[in-house]
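Chains as they are written, first to last, in this note's numbering: chain F, 55 to 449; chain U, 114 to 226.
All C-beta atoms in this analysis are idealised placements derived from N, C-alpha and C, irrespective of residue type, glycine included.
The structure presented is a predicted model; accordingly, all values stated were derived computationally and were not measured.
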Ligand code: SF4
Ligand code: SF4
């Protein structure tokens with residue numbers, strides 16, 4: 055029997071980790087991820103998990119220990135935020151390239167400098183080309199559910215890639231909410247036992263991970279990673295279908311909210327989607343045909359499905375919680391990728407970008423409402439007057 | 114270049130069979146090659162101990178030369194040899210005339226520093 059508990063997002067994630075009972079966790083504390091690892095350390099100390107908990111001296115070491123443990127054949131998890139992820143960066147690529155199915159809880163926080171501990175998505179966007187699968191979560195419930203599913207996605211034989219499960223720093227990581235926690239045994243049955251195919255600890259069959267790989271093979275190994283990414287999309291859907299059957303909650307590549315009969319929509323990641331739903335309801339009450347699309351799977355990027363889901367609209371407003379500095383229009387990564395997806399798949403509708411919430415700046419319903427009203431204006435004229443708007447920045 | 118495609122090879126660059134580094138011929142990386150003057154060698158095995166590429170060939174307890182298919186030409190053997198340049202001398206792979214003379218002298222046991 056599942057039960058409802060009042061938990062902060064990080065506690066929900068730590069609870070998922072307790073239920074998954076990974077063989078190895080290597081992590082270093084960093085705000086706002088800290089309470090995940092702190093709570094998990096309690097579980098270790100209380101003997102509720104069998105996990106070998108490696109308290110390392112830095113995030114670079116944390117990810118290195120994760121890669122080593124994963125190659126050894128362990129089910130491995132970690133958690134980090136912002137500059138912790140930045141310090142892991144070298145090994146983040148190595149984890150994906152060595153095909154280590156590590157699962158990471160990534161509590162999104164702004165990268166320094168200036169130093170800031172609050173939410174934005176500049177940390178995760180830095181690893182978007184690293185070969186990790188990236189999943190976003192609106193609230194603690196989704197962070198919990200996604201982490202459980204991530205284990206299955208990462209370890210799937212057609213995938214074997216690491217997965218990062220994101221949630222918004224402080225906003226959901228420290229926001230107490232009602233989270234349905236499933237029965238321990240059900241979660242354990244769902245994630246199953248990890249059967250590594252090439253464990254280093256199988257000393258009867260010695261093997262090498264991460265050898266020198268020059269111009270004669272390196273390229274082929276990158277091509278294999280492409281294949282694993284392509285396979286991942288279907289695996290994400292299959293795991294979600296099984297999850298729904300077992301636990302009742304529905305997940306896909308993205309969530310549509312009042313989108314099918316909408317004329318304009320906002321596309322936004324993580325917790326802001328929750329606020330945007332409230333705005334959608336208010337504007338619908340006024341008779342305005344507005345909707346929302348909240349991407350869940352960001353890597354691999356389901357370009358065709360997104361284009362299809364938005365193809366009936368008259369205008370799209372993307373909200374980005376990070377900037378791709380120097381990219382076209384100094385826009386955000388979500389906008390850039392979605393605009394390319396629409397154009398590539400023959401969906402020629404006006405699309406504008408609204409950067410918001412950097413360094414944890416609050417995003418309020420009236421600001422999101424302004425984005426919708428802008429989008430309605432764009433839909434009416436068919437023209438994007440300003441490609442990128444830095445929402446609520448002081449002039 | 115090996116013609117094996119990406120579908121055939123192990124993922125992630127893993128090498129699933131042990132002991133196959135010998136198949137990887139690294140001798141082509143060499144810019145300097147060690148030349149052996151057997152006559153003055155005292156068979157102390159210092160070179161065998163220190164060679165990072167297991168490229169010192171030994172038969173019946175005697176140093177007999179180099180495995181030039183794998184020797185990367187680092188010169189460690191020449192540096193640790195107690196008899197030094199009289200026995201092992203590093204010469205350029207593309208030898209100049211004076212080096213050719215040098216090689217012959219080392220090989221004939223006539224080289225003196
Ligand atoms: S040059 Fe270096 S690699 Fe070659 S035999 Fe001497 S020590 Fe070994
Ligand atoms: S170190 Fe010099 S003397 Fe000793 S075995 Fe090697 S070549 Fe001969």
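(request) Measuring from each Cβ to the nearest heavy atom of ligand 2, keep the ones under 7 Å and list them in chain order. (result) U:149, U:154, U:155, U:156, U:157, U:158, U:159, U:160, U:161, U:169, U:176, U:190, U:193, U:194, U:195, U:196, U:200, U:201
(request) Tell me, please, whether the CB atom of residue 147 (chain F) is closer than 8 Å to any CB atom in chain U? (result) no
(request) Whole angstroms is fine: what's the gap from residue 197 (chain F)'s alpha carbon to residue 77 (chain F)'s? (result) 21 Å
(message) ligand 1 and residue 198 (chain U): does the residue's C-beta get closer than 7 Å to at least one heavy atom of that ligand?
(response) Answer for residue 198 (chain U): no, Cβ out of range of ligand 1.
(request) Within its chain, find whatever has a CB closer than 7 Å to the CB of residue 152 (chain F); leave out the 5 residues flanking it on each side and keep chain order. (result) 121, 125, 263, 264
(message) For residue 316 (chain F) and residue 325 (chain F), I'd like the C-alpha separation in whole angstroms.
(response) Looking at the backbone, the Cα of residue 316 (chain F) and that of residue 325 (chain F) are separated by about 21 Å.
(request) Please list the partners that residue 122 (chain U) has in chain F, where partner means a Cβ-to-Cβ separation under 9 Å. (result) Going along chain F in sequence order, the residues near residue 122 (chain U) (Cβ under 9 Å) are 271, 274, 275, 278.
(message) Taking 7 Å as the cut-off, is the beta-carbon of residue 188 (chain U) closer than that to any non-hydrogen atom of ligand 3?
(response) Looking for ligand 3 in the displayed structure turns up nothing; the ligands present are ligand 1 and ligand 2.
(message) Between which two residues does the alpha helix (DSSP H) holding residue 289 (chain F) run?
(response) 272-301
(request) Determine which residues of the segment 352-376 of chain F have a Cβ less than 8 Å from any Cβ of chain U, and write them out in chain order. (result) Going along the segment 352-376 of chain F in chain order, one finds no residue with a Cβ nearer than 8 Å to chain U.
(request) Over the uninterrupted beta strand (DSSP E) stretch that includes residue 134 (chain F), give me the two end residues. (result) Run containing residue 134 (chain F): 130-134, per the beta strand (DSSP E) assignment.
(request) Please determine if the segment 109-116 of chain F and the segment 63-77 of chain F are in contact, where contact requires at least 3 C-beta pairs separated by less than 8 Å. (result) Under the Cβ criterion (8 Å, minimum of three pairs), the segment 109-116 of chain F does not count as touching the segment 63-77 of chain F.
(message) For chain U, check one thing: does any of its Cβ atoms lie closer than 8 Å to the Cβ of residue 151 (chain F)?
(response) yes
(request) Sort F:299, F:420, F:374, F:274 by Cα distance to residue 331 (chain F) and report the nearest one. (result) The shortest Cα separation from residue 331 (chain F) among F:299, F:420, F:374, F:274 belongs to F:420.
(message) Can you list, in chain order, the residues of its chain with a C-beta nearer than 8 Å to that of residue 213 (chain F)? Leave out the 5 residues immediately preceding and following it.
(response) 155, 187, 207, 282, 285, 286, 289
(request) Please state whether DSSP places residue 236 (chain F) in a helix, a strand or coil. (result) In this structure, residue 236 (chain F) counts as coil in the three-state DSSP scheme.
(message) Using the three-state DSSP reduction, which class does residue 176 (chain U) fall into: helix, strand or coil?
(response) In the three-state DSSP reduction, residue 176 (chain U) falls in the strand class (E or B).
(message) List, in chain order, every chain U residue whose beta-carbon is nearer than 9 Å to that of residue 186 (chain F).
(response) In chain order: nothing, as chain U lies at least about 14 Å away.
(message) Please list, in chain order, the chain F residues whose beta carbon lies closer than 8 Å to that of residue 118 (chain U).
(response) 274
(message) Assuming contact is defined by CB atoms lying nearer than 8 Å, are residue 192 (chain U) and residue 180 (chain U) in contact in what I supplied?
(response) no
(request) Could you run through the segment 193-215 of chain F and flag, in chain order, every residue whose CB is less than 9 Å away from some CB of chain U? (result) 214
(message) Using 8 Å as the cut-off, can you tell me whether the segment 229-247 of chain F makes contact with the segment 415-432 of chain F, which would need three or more C-beta pairs spanning the two stretches below that distance?
(response) no
(message) Pop quiz: residue 311 (chain F) and residue 368 (chain F) are said to be a contact at Cβ under 8 Å. What is the actual Cβ separation, rounded to whole angstroms?
(response) Contact flag wrong, Cβ pair sits at about 18 Å.
(request) Whole angstroms is fine: what's the gap from residue 101 (chain F)'s alpha carbon to residue 63 (chain F)'s? (result) 23 Å
(request) Below 8 Å CB to CB, which residues in the same chain sit around residue 170 (chain U) once its five sequence neighbours on both sides are set aside? (result) 176, 177, 178, 179, 180
(message) Considering Cα atoms alone, identify which of U:135, U:131, U:173, U:222 is closest to residue 156 (chain U).
(response) The shortest Cα separation from residue 156 (chain U) among U:135, U:131, U:173, U:222 belongs to U:173.
(message) Taking the alpha carbon of residue 406 (chain F) as the reference point, which residue from F:373, F:397, F:400 has its own alpha carbon closest?
(response) F:373
(request) List the residues that DSSP assigns as beta-bridge partners of residue 220 (chain F). (result) F:160, F:190
(message) Which residues of the segment 235-266 of chain F have a Cβ closer than 7 Å to any Cβ of chain U? Give them in chain order.
(response) 252, 260, 261, 262, 263, 264, 265
(request) Report yes if the CB atom of residue 196 (chain U) is closer than 8 Å to the CB atom of residue 153 (chain U), and no otherwise. (result) Closer than 8 Å, so yes.
(request) Would you mind telling me which residues of chain F sit closer than 9 Å to residue 141 (chain U), beta carbon to beta carbon, in chain order? (result) Chain F residues near residue 141 (chain U): none, gap ~12 Å exceeds 9 Å.
(request) Compare the C-beta of residue 138 (chain U) with all C-beta atoms of chain F and state if any pair is closer than 8 Å. (result) Not closer than 8 Å to any Cβ of chain F, the Cβ of residue 138 (chain U) fails to qualify, so no.
(message) Quick check: is any heavy atom of ligand 1 less than 7 Å from the C-beta of residue 164 (chain U)?
(response) Because some heavy atom of ligand 1 lies under 7 Å away, the Cβ of residue 164 (chain U) counts as near it: yes.
(request) Please report the Cβ distance between residue 278 (chain F) and residue 185 (chain F), rounded to the nearest whole angstrom; I am assuming they are in contact, meaning their Cβ atoms lie under 8 Å. (result) 11 Å between Cβ atoms; not a contact.
(request) Below 8 Å on the Cβ atoms is my guess for residue 413 (chain F) versus residue 172 (chain F); work out the distance and round it to an integer in Å. (result) 6 Å
(message) When you compare the CB of residue 131 (chain U) with every CB in chain F, is at least one pair closer than 8 Å?
(response) Judged by the 8 Å Cβ criterion, residue 131 (chain U) is in contact with chain F.
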